[in-house]
Amino acid sequence: MKNKDPDVKNKFHWPWLEEKVNGVAIQTWCRKLEQPGVAFCIVCCQKIMYDSNGKKVLLRHAVDKNQDSRYRLLKENTTIPDASAEVSRTSFVDRVEELRVLVYINYGIMKKIDQNSTKTSATRGSLI
Ligand SMILES: [Zn+2]
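This is the structure we're talking about:
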């Protein structure tokens, strides 16, 4: 297999995803994109450029205030795999496919959460 990050200063390392910050594994919310130097937060639906600072960027993102509150909201609404779930050693392509699905689902949920920010769990049954 060829290197996926040919021109990136800090190359991506899959073990980064297994590290936990405040009890939450980075893999819970972070996915590697096909694009060199770019990962993706499925909680924020936002790209994370790790090119210049490597893992530090992911660690910083993990403790971001928005990240924290969004993560908790999403977790209440499921779809985020349990942090203790085993890392499946699937292919790069499979991971990217999984990302598309998660982003699609989570983006829909975040939109509904934004719209219904004052409402409570009574509305959650119909989210998925
Ligand atoms: Zn995020």
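Each residue of the sequence shown is one higher than the one before, starting from 136 at the first, in the numbering used here.
Glycine included, every Cβ here is placed at the ideal spot set by N, Cα and C.
What you are looking at is a predicted structure, and each value in this text was computed from that prediction instead of being measured.
Using beta-carbon positions only, say whether residue i and residue j come within less than 8 angstroms of one another.
{"i": "Cys-180", "j": "Ala-174", "result": "no"}
{"i": "Leu-193", "j": "Tyr-206", "result": "no"}
{"i": "Gly-189", "j": "Asn-157", "result": "no"}
{"i": "Val-198", "j": "Gly-172", "result": "no"}
{"i": "Trp-149", "j": "Ile-161", "result": "no"}
Just tell me which of the options has its CA closest to the CA of residue i.
{"i": "Lys-210", "options": "Glu-153, Lys-182, Ile-161, Val-178", "result": "Val-178"}
{"i": "Ser-147", "options": "Ser-204, Arg-195, Ser-187, Val-159", "result": "Just to set this straight, residue 147 is Phe in the shown sequence, not Ser. Ranking Ser-204, Arg-195, Ser-187, Val-159 by Cα distance to Phe-147 puts Ser-187 first."}
{"i": "Asn-201", "options": "Glu-153, Cys-176, Lys-167", "result": "Cys-176"}
{"i": "Lys-167", "options": "Lys-246, Lys-247, Val-238", "result": "Val-238"}
{"i": "Asp-133", "options": "Glu-153, Thr-163, Lys-247, Lys-182", "result": "Because residue 133 is not part of the residues shown, which for the chain are 136 to 263, the question remains open."}
Of all the CB atoms in chain B, is at least one closer than 8 angstroms to the CB of residue i?
{"i": "Gly-158", "result": "The structure shown contains no chain B; it is built from a single protein chain."}
Have a look at the DSSP bridge pairing and note the partners of residue i.
{"i": "Ile-177", "result": "In the DSSP output, where bridge partners are listed per residue, Ile-177 has none listed."}
{"i": "Asn-182", "result": "One detail in the question is off: residue 182 reads as Lys in this sequence, not Asn. Bridge partners of Lys-182: Phe-175."}
{"i": "Val-198", "result": "Val-198 pairs with nothing; no bridge assigned."}
{"i": "Val-156", "result": "Val-159"}
{"i": "Arg-166", "result": "Phe-175"}
Any residues whose CB sits closer than 5 angstroms to a heavy atom of ligand 1? List them in chain order?
-> Cys-176, Val-178, Cys-179, Gln-202
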